[in-house]
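S.K.:
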Amino acid sequence: MRRILPLLFFLSCYPDAPHDNPYDPYNPDAWGGVRGSVFSKVKPLKGARVIAEIKEGIEKKEATTDSAGRFQLDSLPRGRILLYSVRSGYASESALVYIEPFSYQEKDFILNAIPQVIFFGAWVENLIWYDEEIKEVRVRATVVDSDLVPEDVEDALVFLPDTSLALELLYSENPYTGIYGVDITFIPPDSLLGEEVRIKVEDGEGERVELTERIDDEIPPVPSIVTPPDGEDIYFPFEFIWRKIDGYYYELVIWERGFYEKPVVDVTEIPSNETTYTITSLPSGYYEWTVFAVSSGGNRSGRVGWFRVP
Numbered sequence: 002m003r004r005i006l007p008l009l010f011f012l013s014c015y016p017d018a019p020h021d022n023p024y025d026p027y028n029p030d031a032w033g034g035v036r037g038s039v040f041s042k043v044k045p046l047k048g049a050r051v052i053a054e055i056k057e058g059i060e061k062k063e064a065t066t067d068s069a070g071r072f073q074l075d076s077l078p079r080g081r082i083l084l085y086s087v088r089s090g091y092a093s094e095s096a097l098v099y100i101e102p103f104s105y106q107e108k109d110f111i112l113n114a115i116p117q118v119i120f121f122g123a124w125v126e127n128l129i130w131y132d133e134e135i136k137e138v139r140v141r142a143t144v145v146d147s148d149l150v151p152e153d154v155e156d157a158l159v160f161l162p163d164t165s166l167a168l169e170l171l172y173s174e175n176p177y178t179g180i181y182g183v184d185i186t187f188i189p190p191d192s193l194l195g196e197e198v199r200i201k202v203e204d205g206e207g208e209r210v211e212l213t214e215r216i217d218d219e220i221p222p223v224p225s226i227v228t229p230p231d232g233e234d235i236y237f238p239f240e241f242i243w244r245k246i247d248g249y250y251y252e253l254v255i256w257e258r259g260f261y262e263k264p265v266v267d268v269t270e271i272p273s274n275e276t277t278y279t280i281t282s283l284p285s286g287y288y289e290w291t292v293f294a295v296s297s298g299g300n301r302s303g304r305v306g307w308f309r310v311p
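Number 180 in our numbering belongs to position 179 of the sequence shown; there are no gaps in the numbering.
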């Protein structure tokens, strides 16, 4: 019996012999595998799906990457298979891989993050800045890109009825989030009331997102400030007071002097029947503030004042 077993093994490996064993290299159905990693441009991607399409539209096998971005697919048949990787927020990638029995093919994917716009607004802002009245169309967009902002965002544009403008990166909240915007003063704001404004954000790989917003056709009147009067020292808690304007809600905005784009207080959607708001603390320094009357479509009117926190 001991002499027969080696002979049987030898015959099973002979090219013309039957090959039902999946571990026999001459078996056309012998198994192999593929393993590798999935990355973004800046880090390994956890939770990416890697799918092997064994028979087109019929049979598939799937694995999910671990915290290091690694995956492994086992028991794949010999031959060419389509392998592709997908993850929410990223463009998918695919590749053809030839599976050899008893071995693992190595395949890595680098997925490109698709820019996301999590906020987009276009409105007319009528602001009395001390002795000057500034009336302009403001466009703002908060862009998130997992491949870093601004390195990956190549184009950010706003399209008006007769022209287009670049959106400027105003500041970044973190490496993955940027606030883009433009203030339009060379076009009379009243001429854009009721018009549609479109933005396009595109990365270096051609992935893009486009959104459209309509500018409201109503501009609210300017609320009057009651307290604090300009230049007053305030102590906490402090109640900000303004005069009522029927039919509009309010937005209270406070910023360190010189940093209008980065408010330290921004209280939105204060009901129209409320004309006070209490602040409990602010660091020492000089501040400017306004209370906007806001239309249902987002157009705003306000008057700037200033105060000091000793």
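Using N, Cα and C, we set each Cβ at its ideal position, and we do this for glycine too.
Which residue comes first and which comes last in the beta strand (DSSP E) that contains THR276?
M.R.: For the purposes of this step, residue 276 is identified with residue 275 of the sequence shown, where counting begins at 1. First-last for THR276: undefined, no H or E at that position.
S.K.: Going by DSSP in three states, PRO162 sits in which element: helix, strand or coil?
M.R.: In the sequence shown, counting from the first residue as 1, residue 162 sits at position 161. Coil.
S.K.: Alpha carbon to alpha carbon, what distance is there between THR269 and GLY248?
M.R.: Looking up residue 248 in the sequence shown gives position 247. Looking up residue 269 in the sequence shown gives position 268. Each residue's alpha carbon lies about 15 Å from the other.
S.K.: May I ask you to check if the CB of PHE72 is nearer than 7 Å to at least one heavy atom of the ligand ATP?
M.R.: The model on display carries no ligand, and the ligand ATP is accordingly not part of it.
S.K.: Which residues mark the beginning and the end of the beta strand (DSSP E) in which ILE255 is found?
M.R.: Taking the sequence shown and counting its residues from 1, one reaches residue 255 at position 254. Element bounds for ILE255: 250–257.
S.K.: Under the DSSP definition of a beta bridge, which residues are partnered with SER104?
M.R.: Within the sequence shown, numbered from 1, the residue matching residue 104 stands at position 103. DSSP, once it has assigned bridges, lists no residue as partnering SER104.
S.K.: Confirm, please, whether the CB-CB distance from ARG199 to PHE241 is below 8 Å.
M.R.: Counted from its first residue, the sequence shown places residue 241 at position 240. Counted from its first residue, the sequence shown places residue 199 at position 198. Cβ distance not < 8 Å, so PHE241 and ARG199 don't count as in contact.
S.K.: Please state the DSSP three-state secondary structure of LEU168.
M.R.: For the purposes of this step, residue 168 is identified with residue 167 of the sequence shown, where counting begins at 1. Residue state, collapsed to three classes: coil.
S.K.: Identify, in the order they occur along the chain, each residue of the same chain with its Cβ nearer than 6 Å to the Cβ of LEU283, setting aside the five sequence neighbours on each side.
M.R.: The residue you call residue 283 lines up with position 282 of the sequence shown. VAL310.
S.K.: Quick one, which of VAL98, VAL223, LEU170, LYS136 has its alpha-carbon nearest LEU149's?
M.R.: For this step, residue 149 is matched to residue 148 along the sequence shown. With distances taken between Cα atoms, LEU149 lies closest to LEU170.
S.K.: Note down the Cα distance separating GLU152 from ALA69, rounded to an integer number of angstroms.
M.R.: Stepping through the sequence shown from its first residue, residue 152 is reached at position 151. Stepping through the sequence shown from its first residue, residue 69 is reached at position 68. Approximately 24 Å, taken between the alpha carbons.
S.K.: Which of helix, strand or coil does DSSP assign to PRO190?
M.R.: Counted from its first residue, the sequence shown places residue 190 at position 189. Reduced to three states, the DSSP call for PRO190 is helix.
S.K.: Buried or exposed for PRO238, going by 16 or more other Cβ atoms inside 10 Å?
M.R.: As a working note, residue 238 is residue 237 in the sequence shown. Classification for PRO238: exposed.
S.K.: Between the segment 200–220 and the segment 114–132, can you find at least three pairs of beta-carbon atoms closer than 8 Å?
M.R.: Enough Cβ pairs lie closer than 8 Å, so yes.
S.K.: Below 8 Å, can you find three or more Cβ-Cβ pairs linking the segment 91–109 to the segment 33–52?
M.R.: Contact holds: three or more Cβ-Cβ distances are below 8 Å.
S.K.: Grab me the residues of TRP124's own chain with a C-beta within less than 8 Å of its C-beta, minus the 5 sequence neighbours each way, in chain order.
M.R.: By 1-based counting over the sequence shown, the position of residue 124 is 123. Cβ within range, chain order: VAL138, ARG139, ILE216, ASP217, GLY298, GLY299, ASN300, ARG301.
S.K.: Can you grab the Cα-Cα spacing for the pair LEU9 / SER86, in whole Å?
M.R.: For the purposes of this step, residue 9 is identified with residue 8 of the sequence shown, where counting begins at 1. For the purposes of this step, residue 86 is identified with residue 85 of the sequence shown, where counting begins at 1. In this prediction, LEU9 has a pLDDT of 45, which is less than 50 and means its spatial position is unreliable; nothing more can be read from the coordinates.
S.K.: Per DSSP, what are the beta-bridge partners of PHE237 in this structure?
M.R.: Within the sequence shown, residue 237 is the residue found at index 236, counting from 1. In DSSP, PHE237 forms no bridge with anything.
S.K.: Among TRP243, GLY33, LYS62, TYR288, which residue has its Cα nearest to the Cα of GLY259?
M.R.: Mapped onto the sequence shown, residue 259 falls at position 258. Here the closest residue by C-alpha is TYR288.
S.K.: Hey, how far is the Cα of GLY80 from the Cα of PHE72?
M.R.: Here residue 80 refers to the residue found at position 79 when the sequence shown is read from its first residue. Here residue 72 refers to the residue found at position 71 when the sequence shown is read from its first residue. Rounded to whole angstroms, GLY80 to PHE72 spans 20 Å at the Cα level.
S.K.: According to the Cβ coordinates, are LYS56 and LEU74 closer than 8 Å?
M.R.: Locating residue 56 in the sequence shown gives position 55, where the first residue counts as 1. Locating residue 74 in the sequence shown gives position 73, where the first residue counts as 1. No, they are not a contact pair.
S.K.: Compute the Euclidean distance between the alpha carbons of SER173 and TYR181, then round it to the nearest angstrom.
M.R.: In the sequence shown, the residue the question calls residue 173 occupies position 172. In the sequence shown, the residue the question calls residue 181 occupies position 180. If I take the Cα positions, the gap works out to 9 Å.
S.K.: Any chance you could list the beta strand (DSSP E) runs of at least 3 consecutive residues sitting entirely within the segment 128–158, in chain order?
M.R.: With a minimum length of 3 residues, the continuous beta strand (DSSP E) runs that stay inside the segment 128–158 are 133–145.
S.K.: With distances taken between CB atoms, is the gap from VAL296 to PRO224 smaller than 8 Å?
M.R.: By 1-based counting over the sequence shown, the position of residue 296 is 295. By 1-based counting over the sequence shown, the position of residue 224 is 223. According to the sequence displayed, residue 296 carries Ser and not Val. No; because the gap between Cβ atoms is not below 8 Å, this pair is not in contact.
S.K.: Taking the straight line between their C-alpha atoms, what separation do you get for ALA294 and GLU203?
M.R.: Sequence index remark: in the sequence shown, residue 294 carries index 293 (1-based). Sequence index remark: in the sequence shown, residue 203 carries index 202 (1-based). C-alpha separation (whole angstroms): 34 Å.
S.K.: Leaving out five residues before and five after GLU1 in sequence, what residues of the same chain have Cβ atoms less than 6 Å from its Cβ?
M.R.: Nothing about residue 1 can be read from this structure; the chain reaches only from 2 to 311.
S.K.: Out of VAL266, GLY122, ASP163, point me to the one whose CA is closest to THR143's CA.
M.R.: The sequence position of residue 143 within the sequence shown is 142, counting from 1. That would be GLY122, whose Cα lies nearest to the Cα of THR143.
S.K.: Could you pull the DSSP bridge partners for ARG209 from this structure?
M.R.: For the purposes of this step, residue 209 is taken as residue 208 along the sequence shown, with counting starting at 1. Answer is GLU203, bridged to ARG209.
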